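Heads up: the protein sequence lines correspond to chains P and V, in order.
The first sequence begins at 4 in my numbering and counts up one residue at a time.
The second sequence begins at 87 in my numbering and counts up one residue at a time.
Positions of the beta carbon are idealized from the N, C-alpha and C atoms, including for glycine.
Note that the coordinates shown come from a computational prediction; the quantities given were computed from them, not determined experimentally.
In what follows, a structure is listed as structure tokens, so that the remarks can point back to it.
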Amino acid sequence: MAACGGPGNPRAAAGPSTVLAYIIRRLFAVVVMLLVITLVTFGIFFLIPKWVGVDPATYFIGKQADPASLEGIRKKMGLDDPILVQFGKFLWGLVAGRDYANGTDVTHCSAPCFGYSFRNEQAIWPVLTDRLPVTMQLAAGACVIWVVVGVGTGVVSALKRGSALDRTLMTVALAGVSLPIYFTGMIALAVVVYGLGWIDGQYVPFGESASGWFGGMLLPWVTLAFLYAAMYARMTRATMLEIMGEDYIRTARAKGLREPVVIGKHAMRSTMTPVLTILGMDLGALVGGAILTETTFSLPGIGQAAVKAISDKDFPLILGVTLIAAVAVVVANLLVDLLYAVVDPRVRLS
Amino acid sequence: MTDLPIQKSGTGADSAPNEPVAGKAKPTAFLEVRDLKVHFPTDDGLVKSVDGLSFQLEKGKTLGIVGESGSGKSVTSLAIMGLHRAGQYGRSKARMSGEIWLEGRELISADPDEVRRLRGKDVAMIFQDPLSAMHPYFTVGAQIVEAYRVHHDVSKAVARKRAIEMLDRVGIPQPDKRVDDYPHQFSGGMRQRAMIAMALSNNPDLLIADEPTTALDVTVQAQILDLIRDLQKEFGSAVIIITHDLGVVAELADDILVMYGGRCVERGPADKVFYEPQHPYTWGLLGSMPRLDRERTERLNPVKGSPPSLINVPSGCAFHPRCPYAELTGGASTTVVPELSEVGSRHHAACHLSAADRERIWTEEIAPKL
């Protein structure tokens with residue numbers, strides 16, 4: 004504690020140094036957590052081939068390869084090293100890059116080195132950095148839609164509780180949370196792209212064509228936002244209803260405040276706090292890959308890479324995708340906790 | 087408090103709520119409540135939270151409204167504040183009838199926005215639990231500033247000065263610093279002081295205190311009551327103090343109104359109600375109050391049974407199922423709703439017992455045990 008109040012003063016102000024110390028402690032915990040996640044993922048994917056009796060070198064060059072080539076790959080990729088040595092080399096590669104050498108030729112993999120894909124021998128990291136922006140664009144665009152629509156719907160529903168409007172909106176929201184993306188996405192594609200032919204529904208990078216990009220992202224945004232808007236509408240409505248029953252709302256009215264101020268200032272301030280928290284978590288999780296959306300709409304994002312990696316048994320890529328997702332979730336968690344201390348004065352970081 | 091005219095208190099059967107009340111003569115009293123009814127339709131039936139309540143209050147005087155949970159005390163205070171009609175949220179289904187006259191204005195038939203403008207300015211309220219009554223995300227100062235600026239067109243700086251001045255007045259130390267604290271940084275007593283500062287920042291003519299000490303430590307309770315009394319003298323407000331604690335009203339009230347099942351069963355000057363109570367329910371309340379100034383001889387005598395259902399109010403006198411003397415009324419208490427009748431100077435009670443019976447029971451059975 005930076006400062007303590009006098010007697011009868013139960014406050015303990017959190018100074019900047021306290022907050023900084025908190026952040027450092029949390030970052031340390033984040034690093035430890037990521038290490039554990041990496042170890043477990045690494046362990047699973049590099050032990051499985053041993054358990055099932057498959058030579059991991061065959062993943063690179065196929066089962067029909069001649070023993071000499073296999074031996075070369077094993078040596079180059081260090082597949083004969085003990086697991087902990089392999090893990091240590093992997094970690095080092097993440098931080099400083101590494102050289103794969105088999106005595107005759109050397110392949111340099113610059114940091115952060117996630118290794119090479121089994122399938123096409125591409126370095127993993129550039130694959131991830133190519134795909135991450137697509138996923139982030141998807142998440143960010145959908146997020147804007149679902150926050151506006153979801154929170155707005157929830158507030159209206161709460162204020163008109165029991166009305167026909169409320170029942171209609173909540174029925175739609177129930178449908179929204181119940182229908183999977185691959186269902187709503189397919190319907191959207193069938194109607195808008197194949198039926199009406201308004202847009203062609205193909206992903207185009209923003210750099211190539213802004214309008215093409217927008218047309219390609221629109222359906223994924225709306226489809227993904229529909230699911231989340233439905234969840235947020237239900238959550239906002241429930242929170243709002245609870246808040247409107249709070250004593251401090253009665254106090255606000257007892258002051259003579261107009262109802263729009265009571266709702267817009269006093270009730271919304273409390274309602275937005277849990278919404279922000281969930282929003283941070285959801286965004287973190289989405290950056291780790293909107294698997295269903297990206298697959299349905301053939302968006303070249305992290306989630307699509309994950310699906311491909313798993314079906315290809317491309318362990319290095321799975322490891323890379325997993326780590327990206329873990330980092331996104333863990334960092335989002337940290338940001339949410341920091342944000343929470345900003346929006347709720349009762350929360351102290353210590 | 088002038089002479090209480092005996093209002094024909096509605097029996098609930100002959101005048102339905104929301105019916106225009108005949109003869110809206112302007113009263114002379116500062117606050118006059120006439121035949122107030124507040125009913126809530128629910129799936130289980132009509133909840134008659136307040137069912138025919140009348141009283142008067144003069145400026146500078148304190149009325150204590152006493153009763154157990156569910157007797158209609160808080161509903162009455164919210165009705166005076168106009169809070170049953172505030173806000174479209176949930177479309178409060180309260181059905182109100184009767185009249186509430188505040189300084190010559192009738193509030194029940196008034197435009198809700200007109201009542202809103204009175205709220206916080208002419209009538210202010212403090213609540214039971216000061217922690218939950220303050221918004222956790224705004225500073226104490228911001229909340230007082232807001233209350234002041236609703237009714238005063240002043241800058242934030244001026245309102246902040248007013249907030250600091252009020253915090254100082256209610257005894258918050260270092261008010262210029264604590265004004266920027268959040269409610270959770272205050273102790274319970276300080277929070278209630280801050281609520282009082284907020285309520286009094288607009289110099290209200292009427293202060294309604296709904297169980298203002300119930301959530302506080304005993305040691306703090308007396309301080310808050312002292313503060314309310316001092317401020318009442320200083321500001322000249324009328325005060326309605328709502329409580330289930332007879333000790334609180336004994337401390338503050340000029341008049342006492344005892345509520346049971348949404349109706350007034352006894353009202354009169356505080357010392358009359360305390361020393362010559364006329365209603366068996368009032369006796370029960372007094373009997374269940376621990377006394378430190380007497381030797382402890384026997385156990386407390388709680389009022390037996392539970393509060394009445396407000397949907398199916400017992401026939402006749404709502405108290406008759408719990409009244410030990412009901413059979414003395416010859417069946418009247420189970421069939422006829424007792425009207426308030428004068429039992430002394432400015433002292434009224436709604437009881438079927440004969441004056442002789444009441445006198446005998448009070449002097450022989452009740453008073454010796456208190």
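C-beta neighbour in chain P for residue i, strict 8 Å
i        : result
V/Ile316 : First, the amino acid is wrong: residue 316 of chain V is Asp here, not Ile. Cβ-Cβ to chain P under 8 Å: no for V/Asp316.
V/Asn213 : Per the sequence presented here, residue 213 of chain V reads as Phe, with Asn not at that position. Yes - at least one Cβ of chain P is within 8 Å of the one on V/Phe213.
V/Ala324 : no
V/Arg203 : yes
V/Gly466 : Because residue 466 of chain V is not part of the residues shown, which for chain V are 87 to 456, the question remains open.
V/Glu445 : no
V/Gly206 : yes
V/Glu232 : yes
V/Gln174 : Confidence in V/Gln174 is poor, its pLDDT being 49 and thus under 50, which makes the residue's placement unreliable; the coordinate value appears in the next sentence. It does; some Cβ of chain P falls within 8 Å.
V/Val107 : Confidence at V/Val107 is low in this model, with a pLDDT of 46, below 50, so its placement is unreliable and the value that follows should be read with caution. Not one chain P Cβ lies under 8 Å of V/Val107.
Where the beta strand (DSSP E) through residue i begins and ends
i        : result
P/Pro85  : P/Pro85 -> no beta strand (DSSP E), and no H or E assigned at all.
V/Gly150 : Thr148 to Val152
V/Ala356 : That residue, V/Ala356, is in no beta strand (DSSP E); its alpha helix (DSSP H) goes Ala356 to Tyr361.
V/Asp266 : Note, V/Asp266: premise wrong, no beta strand (DSSP E); not H, not E.
V/Trp187 : Arg181 to Leu188
V/Thr128 : Leu117 to Thr128
P/Asp102 : Arg101 to Ala104
V/Val344 : Asp341 to Tyr346
Interface partners of residue i on chain V, CB under 8 Å
i        : result
P/Tyr251 : Ser218, Ala219, Met220, His221 and Pro222
P/Arg349 : Pro222, Tyr268 and His270
Nearest-angstrom Cβ-Cβ length linking residue i and residue j, presumed shorter than 8 Å
i        : j        : result
P/Ala3   : P/Ala145 : Given a span of 4 to 353 for chain P in the structure shown, any question on residue 3 of chain P remains unanswerable.
P/Leu222 : P/Val195 : 6 Å
V/Ile314 : V/Leu149 : Not confirmed; about 13 Å, so no contact.
P/Leu338 : P/Ala344 : Contact doesn't hold; Cβ gap of about 11 Å is too wide.
V/Val152 : V/Val124 : Their Cβ separation, rounded to whole angstroms, is 18 Å, which puts V/Val152 and V/Val124 out of contact at 8 Å.
P/Ile86  : P/Leu73  : About 19 Å; that fails the 8 Å criterion.
V/Phe126 : V/Ala180 : 6 Å
P/Ala193 : P/Thr226 : Not quite, the Cβ-Cβ distance comes to about 12 Å (not below 8 Å), so this is no contact.
Proximal residues of chain P, C-beta to C-beta of residue i below 8 Å
i        : result
V/His237 : Gly259
Test: residue i CB closer than 8 Å to a CB of chain V
i        : result
P/Arg240 : no
P/Arg272 : yes
P/Arg256 : yes
P/His269 : yes
P/Ala5   : Its pLDDT being 38, under 50, P/Ala5 is placed unreliably by the model, and nothing is read from it.
P/Pro13  : A caution first: P/Pro13 carries a pLDDT of 42, below 50, which makes its placement in the model too unreliable to give a value.
P/Glu297 : no
Boundaries of the alpha helix (DSSP H) in which residue i is found, first to last residue
i        : result
V/His237 : Val226 to His237
P/Gly46  : Pro19 to Val55
V/Ile457 : With chain V running from 87 to 456 in the structure shown, residue 457 of chain V is simply not present.
P/Val194 : Here P/Val194 belongs to no alpha helix (DSSP H), and DSSP marks it neither H nor E.
V/Arg428 : In the sequence as presented, Arg is not what sits at residue 428 of chain V; that position holds Glu. Note, V/Glu428: premise wrong, no alpha helix (DSSP H); beta strand (DSSP E) at Ser427 to Gly430.
V/Met211 : Taken as a continuous stretch (DSSP letters only), V/Met211 belongs to no alpha helix (DSSP H), being part of the beta strand (DSSP E) at Val209 to Ile212.
Beta-carbon neighbours of residue i, restricted to chain P and to distances below 7 Å
i        : result
V/Met167 : Ala257
Distance cut-off 7 Å: residue i Cβ against heavy atoms of the ligand FMN
i        : result
P/Ala270 : Only the bare structure without any ligand can be found here, which leaves the ligand FMN out of the picture.
Cβ of residue i within 8 Å of any chain B Cβ
i        : result
V/His365 : In the structure shown, chain B cannot be found, because the protein chains are P and V.
Inset, instruction - Would you check if the region 391-398 of chain V and the region 365-378 of chain V touch, i.e. whether three or more CB-CB distances between them fall below 8 Å? - result: no
Legend entry - Segment contact flag, the region 192-210 of chain P with the region 150-164 of chain P, C-beta cutoff 8 Å, min 3 pairs: no
Legend entry - Cβ contact (3+ pairs, closer than 8 Å) linking the region 401-417 of chain V and the region 343-361 of chain V: yes
Legend entry - Stretch pair the region 233-244 of chain V + the region 275-285 of chain P: three plus CB contacts closer than 8 Å: no
Legend entry - Segment contact, 8 Å Cβ cut-off, at least three pairs: the region 328-336 of chain V with the region 281-300 of chain V: yes
Inset, instruction - Would you check if there are 3 or more beta carbon pairs closer than 8 Å linking the region 213-225 of chain V to the region 247-266 of chain P? - result: yes
Legend entry - At least three beta-carbon pairs within less than 8 Å, the region 355-365 of chain V to the region 426-443 of chain V: yes
Legend entry - Segment contact flag, the region 195-212 of chain V with the region 131-151 of chain V, C-beta cutoff 8 Å, min 3 pairs: no
Inset, instruction - Pair every Cβ in the region 165-175 of chain P with every Cβ in the region 304-319 of chain P, then say whether three or more of these pairs are closer than 8 Å. - result: no
Inset, instruction - Mind the definition here: the region 208-218 of chain V touches the region 284-296 of chain V only if three or more C-beta pairs lie below 8 Å; say whether that holds. - result: yes
Inset, instruction - Could you tell me whether the region 40-53 of chain P touches the region 323-335 of chain P, using the rule of 3 or more Cβ pairs below 8 Å? - result: yes
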